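Please read the structure below before turning to the comments.
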Amino acid sequence: MSEGRFAGSVAIVTGAGSGIGRATAIGLAEGGGRIIVGDVNRARADETVALLPPGAGVAVVGDLTESVVADALVAAAEALGPPDILVNCAGYGGGRAAFGSFEPMLWNRIQEVNLGGPFHLIGRVIEGMAQRGRGAIVNVASVAGIVGEPGIFGYSAAKAGMVNLTRALALHYAARGVRVNCVCPGVTDTNFLVNVRAAPDAEEIFARYARLMPIGRIARAEEIAEAILFLASDAASFCVGVVLPVDGGWTAG
Ligand SMILES: NC(=O)c1ccc[n+]([C@@H]2O[C@H](COP(=O)([O-])OP(=O)(O)OC[C@H]3O[C@@H](n4cnc5c(N)ncnc54)[C@H](O)[C@@H]3O)[C@@H](O)[C@H]2O)c1
2 MSEGRFAGSV
12 AIVTGAGSGI
22 GRATAIGLAE
32 GGGRIIVGDV
42 NRARADETVA
52 LLPPGAGVAV
62 VGDLTESVVA
72 DALVAAAEAL
82 GPPDILVNCA
92 GYGGGRAAFG
102 SFEPMLWNRI
112 QEVNLGGPFH
122 LIGRVIEGMA
132 QRGRGAIVNV
142 ASVAGIVGEP
152 GIFGYSAAKA
162 GMVNLTRALA
172 LHYAARGVRV
182 NCVCPGVTDT
192 NFLVNVRAAP
202 DAEEIFARYA
212 RLMPIGRIAR
222 AEEIAEAILF
232 LASDAASFCV
242 GVVLPVDGGW
252 TAG
């Protein structure tokens with residue numbers, strides 16, 4: 002049996018094909034865990050599995066807003082053993098728009114990916130965790146779920162929903178051994194920023210981000226993953242319903 006802080010653990014990580022989810026999967030595997038690498042993008046999911054030690058990762062490809070995909074993620078985990086870690090990392094920003102021109106379909110899609118996906122997955126694993134008296138769920142929200150971010154309305158609403166879903170679940174399940182916590186990243190250098198980088202005023206936007214974060218730069222995915230790994234690990238055994246900004250100081254002001 003491998004040694005490490007996640008030895009013997011089976012983890013499901015959504016959005017593990019890229020960025021923060023990938024860095025989290027790598028950290029879990031380094032700690033001896035086995036990971037279900039969930040992502041809608043097959044090439045990226047396979048790439049993540051290839052970065053893990055042989056046998057440590059299994060890719061499950063599909064859109065996590067579909068309940069059959071949640072079924073497949075959980076079934077793949079259970080084939081390895083009961084899942085004791087769930088990291089809800091996949092997210093969708095939906096871009097900026099004036100509120101009056103926000104398309105209802107886009108609004109719904111943002112809520113579906115950021116809240117509906119976690120709803121399906123949490124619902125499938127949390128009772129089992131509680132019955133076994135052991136489980137850690139880490140939701141990846143955003144600074145935009147704590148403070149208002151002008152222009153990204155659907156995403157801000159969804160991430161704030163995730164923050165308070167974390168708290169409600171944490172209170173309900175704490176006494177049964179399931180810890181539910183949440184990480185709120187500041188701006189992080191991942192594929193998530195692809196549209197921002199392509200924008201004509203990208204330089205201005207990044208300068209604003211740097212100003213918002215007193216540390217003066219955006220984060221690396223690994224810096225966010227470290228916080229997720231901590232909350233997923235037994236080192237965080239007394240952390241329940243924590244909403245942890247990992248934001249270079251953005252929300253300290
Ligand atoms: N990068 C940032 O600046 C930032 C800031 C705050 C919060 N976040 C949050 O961090 C999380 C991870 O983002 P990231 O920066 O690593 O982005 P990323 O784009 O690098 O990775 C997200 C991954 O999720 C997958 N995904 C998206 N929708 C999916 C779906 N419906 N089903 C399955 N997989 C899906 C994508 O294919 C992608 O591989 C997201 O929840 C995001 O909202 C990111």
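The numbering used here numbers the first residue of the sequence shown as 2 and each following residue consecutively.
No residue lacks a Cβ here, since even glycine has one placed at the ideal position from N, Cα and C.
Please read all numbers here as calculations on a predicted model, not as lab measurements.
query	result
Whose CA, out of T66, D64, A80, lies closest to the CA of A12?	A80
For the alpha helix (DSSP H) that V164 lies in, which residues bound it at each end?	154-174
Buried or exposed for F7, going by 16 or more other Cβ atoms inside 10 Å?	buried
Which term fits M2, buried or exposed, when burial requires 16 or more other beta carbons within 10 angstroms of its beta carbon?	Note on M2: pLDDT 45, under 50, position unreliable in the model; the coordinate value appears next. The residue is exposed, with fewer than 16 neighbouring Cβ atoms inside 10 Å.
Roughly how many angstroms lie between the CA atoms of G254 and G16, to the nearest whole one?	30 Å
Flag this pair as yes or no: are the beta carbons of V241 and A161 separated by less than 9 Å?	no
Roughly how far, in whole angstroms, is the beta-carbon of A233 from the beta-carbon of A137, given that I think they are within contact range, below 8 Å?	5 Å
Taking the DSSP output, what are the residues bridged to C90?	Note: C90 sits in no beta bridge, so no partner.
Measuring straight from C-alpha to C-alpha, what distance separates F231 and A199?	33 Å
Residue range of the alpha helix (DSSP H) that D72 falls in?	68-81
Would the C-beta of A26 count as close to ligand 1, meaning under 8 Å from any of its heavy atoms?	no
Taking the alpha-carbon of V148 as reference, which of R133, E227, V164, N140 has the nearest alpha-carbon?	V164
For the beta strand (DSSP E) holding A17, just list the boundary residues, first then last.	Note, A17: premise wrong, no beta strand (DSSP E); not H, not E.
Could I get the ranges of all uninterrupted alpha helix (DSSP H) runs contained in the stretch 193-231, with 4 residues as the minimum, in chain order?	195-199, 203-213
Taking only heavy atoms of ligand 1 into account, decide whether any of them is closer than 8 Å to the Cβ of R221.	no
Let me check understanding here. Comparing Cα to Cα, which of A91, G33, A77, G134 lies closest to G18?	A91
Using the DSSP secondary-structure output, state which residues sit across from N182 in a beta bridge.	V139
Using the C-alpha atoms, what's the distance from P83 back to M130?	8 Å
Using C-beta distances below 8 Å, list every residue in its chain close to P211, excluding the 5 sequence neighbours before and after it, in chain order.	Sequence inspection shows Ala at residue 211; the Pro mentioned does not correspond to that position. Here the set comprises G217, R218, I219.
With the cut-off set at 9 Å, would you say I21 and T191 are in Cβ contact?	yes
Considering only DSSP beta bridges, list what P54 is partnered with.	Partner(s): none; P54 has no beta bridge.
Does any heavy atom of ligand 1 sit closer than 8 Å to the C-beta of N196?	no
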